[in-house]
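Note sheet for the following structure.
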Amino acid sequence: DAKTTQPNSMESNEEEPVHLPCNHSTISGTDYIHWYRQLPSQGPEYVIHGLTSNVNNRMASLAIAEDRKSSTLILHRATLRDAAVYYCAANFGNEKLTFGTGTRLTIIP
Amino acid sequence: EPEVTQTPSHQVTQMGQEVILRCVPISNHLYFYWYRQILGQKVEFLVSFYNNEISEKSEIFDDQFSVERPDGSNFTLKIRSTKLEDSAMYFCASSSEVRGNTIYFGEGSWLTVV
Chain A
-17 DAKTTQPNSM ESNEEEPVHL PCNHSTISGT DYIHWYRQLP SQGPEYVIHG
33 LTSNVNNRMA SLAIAEDRKS STLILHRATL RDAAVYYCAA NFGNEKLTFG
83 TGTRLTIIP
Chain B
24 EPEVTQTPSH QVTQMGQEVI LRCVPISNHL YFYWYRQILG QKVEFLVSFY
74 NNEISEKSEI FDDQFSVERP DGSNFTLKIR STKLEDSAMY FCASSSEVRG
124 NTIYFGEGSW LTVV
């Protein structure tokens, strides 16, 4: 079944690292793993994507398991503005991106 | 930074009426998409469009839905006869390539069918 699975919610203290997990055991060898986040009443915002190697950008890091069946989005130092729903997504061999149900991240001041 | 723009931001329509949602994708992008999100649920794919034709569509995208790129800049989603269950946020998106490239989303058009 082509889908990603994520925990429904997570909490983290402000200024601490956050690790958001995602399982995507059915992705194909050429599927990229994408992460988006969504603030209330806004469109999904691109965070990061990768294929096999770990990736870093100014927003986050993406750690991809060696078997590619799971990945972890890492926010190195969470701020209150990072509170959002974080979606893991993949193509699963198609053009479309299939989104998971998302993890609602709450940041505790 | 270039962005995808959508109009209207919110539309209320009566059941059975036709609705057209408009989008201006990022100018050098070649792939265009519509997604929708029912309140409190996840983002769902509707349709992808490339080279002036539909390249992929979901089971949600039935005969009541159509897409068009009427000129070089706009990309529209038409719902011919709206139903209550069409109430949702509709997101337009675009990318320069498929698969490995970033898809950029607009802010969405909130459709309420009454």
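Residue numbers (the numbering used here), protein chains in the order written: chain A, -17 to 91; chain B, 24 to 137.
Glycine included, every Cβ here is placed at the ideal spot set by N, Cα and C.
| Query | Result |
| --- | --- |
| Of the listed residues 69/B, 98/B, 54/B and 60/B, nearest to residue 47/B (C-alpha basis) | 98/B |
| Chain-ordered chain A contacts of residue 127/B [CB-CB under 7 angstroms] | 28 |
| Under 9 angstroms by beta carbon: chain B residues contacting residue -3/A | Correct list: empty, because the minimum Cβ distance to chain B is about 27 angstroms. |
| Neighbour flag for residue 79/A against chain B, beta carbons, 7 angstroms | yes |
| Nearest-angstrom Cα separation, counted from residue 91/A out to residue 71/B | 41 angstroms |
| Sufficient close CB pairs (3 or more, under 8 angstroms) joining the region 0 to 8 of chain A to the region 35 to 55 of chain A | yes |
| Cβ separation of residue 27/B and residue 117/B, assumed to be a contact under 8 angstroms, to the nearest whole Å | 6 angstroms |
| Inter-residue spacing [alpha-carbon to alpha-carbon] between residue 79/A and residue 130/B | 17 angstroms |
| Neighbour list for residue 11/A in chain B, Cβ cutoff strictly below 7 angstroms | In chain order: nothing, as chain B lies at least about 12 angstroms away. |
| Neighbour flag for residue 78/B against chain A, beta carbons, 7 angstroms | yes |
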